[in-house]
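Asks:
Chains as they are written, first to last, in the working numbering: chain A, 1 to 112; chain B, 113 to 224.
1) Closer than 9 Å, Cβ to any Cβ of chain B: which residues of the region 82-105 of chain A, in chain order?
2) Excluding the 5 residues flanking residue 197 (chain B) on each side, which residues of the same chain have their C-beta closer than 7 Å to its C-beta?
3) Counting beta carbon pairs with one atom in the region 101-112 of chain A and one in the region 16-25 of chain A, are three or more of them shorter than 8 Å?
4) Could you name the residues that DSSP lists as bridge partners for residue 178 (chain B)?
5) Assuming residue 216 (chain B) and residue 43 (chain A) make a contact with CB atoms under 8 Å, what is their CB distance in whole Å?
6) Within a Cβ cutoff of 8 Å, which residues of the same chain sit near residue 155 (chain B), ignoring the five residues on either side of it in sequence?
7) Provide the residue span of the beta strand (DSSP E) that contains residue 121 (chain B), from first to last.
8) Starting from residue 46 (chain A), find everything on chain B with Cβ-Cβ shorter than 7 Å and list it in chain order.
9) From residue 35 (chain A) to residue 10 (chain A), what distance separates their C-alpha atoms?
10) Just mark residue 105 (chain A) as buried or exposed, buried being the case when its beta carbon has 16 or more other beta carbons within 10 Å.
11) Please report whether the beta-carbon of residue 155 (chain B) lies at a distance below 8 Å from any beta-carbon of chain A.
12) Can you give me the C-alpha to C-alpha distance between residue 46 (chain A) and residue 212 (chain B), rounded to a whole angstrom?
13) Looking at the strands, I want to know which residues DSSP matches up with residue 134 (chain B).
14) Please list the residues of the region 16-36 of chain A that have a C-beta atom closer than 7 Å to any C-beta atom in chain B, keeping them in chain order.
15) Spell out the partners DSSP gives residue 223 (chain B) in its beta bridges.
16) Across the region 23-34 of chain A and the region 64-74 of chain A, are there enough close Cβ pairs to call them in contact, namely three or more that are closer than 8 Å?
17) Which residue marks the beginning of the beta strand (DSSP E) containing residue 143 (chain B), and which one marks its end?
18) Out of curiosity, what's the CA-to-CA distance linking residue 206 (chain B) and residue 126 (chain B)?
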């Protein structure tokens with residue numbers, strides 16, 4: 001059973017526009033959420049995270065929004081750049097347990 | 113300076129063989145992990161070690177045996193390799209108390 005779901009396998013966006021990547025989860029025990037970015041033939045790289053006590057966290061062009069009642073989070077990238085083209089993984093954990101449960105990933109393609 | 117490194121990067125071997133994958137981190141972290149990314153692209157936790165002690169062992173065949181000689185290293189030995197073991201194996205590390213994990217570049221294992 002998938003506890004973390006990324007229902008869009010791919011997303012195409014034009015350079016300069018906003019990219020919105022979505023993630024849903026089913027386990028209400030999750031209290032920490034992370035986004036990782038992965039280029040081909042490389043390991044996932046940490047991007048941004050959010051604790052369940054917040055509903056928004058921002059870091060430069062990247063903002064993560066958390067809607068606990070809907071068990072939904074999203075990653076906004078503004079403005080999108082061609083270098084953002086990668087697979088984005090949503091991950092969740094239960095505080096103090098440290099194991100990450102990953103979604104299947106969304107491939108983002110930003111075209112010039 | 114590579115923070116989390118894995119060797120080898122690629123591994124092609126025959127069914128029934130025994131092989132090892134090595135992982136080293138120079139981040140000073142005390143917790144290390146092995147993840148498997150299968151053909152469906154899911155990243156799943158296999159093992160977690162904290163200060164050389166096994167703390168998480170998900171449902172993994174006992175043909176897989178992790179070994180942590182010290183806090184900076186977590187190796188994965190696989191006996192009697194099977195076709196279904198073909199996957200990308202990622203090592204990761206984190207500091208206890210932090211949810212953020214840092215990943216190695218992955219080892220692409222192909223069992224023929």
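By construction, the Cβ of each residue, glycine as well, lies at the ideal position given by its N, Cα and C atoms.
Only a predicted model underlies this, so the values are computations on that prediction, with no experimental measurement involved.
Replies: In brief:
1) 87, 89, 91, 93, 95, 96, 97, 98, 99, 100, 101, 102, 103, 104 and 105
2) 190, 221 and 223
3) yes
4) B:188
5) 5 Å
6) 147, 148, 149 and 202
7) Here residue 121 (chain B) belongs to no beta strand (DSSP E), and DSSP marks it neither H nor E.
8) 212 and 214
9) 16 Å
10) buried
11) yes
12) 7 Å
13) B:119
14) 32 and 34
15) B:125
16) yes
17) 143-149
18) 33 Å
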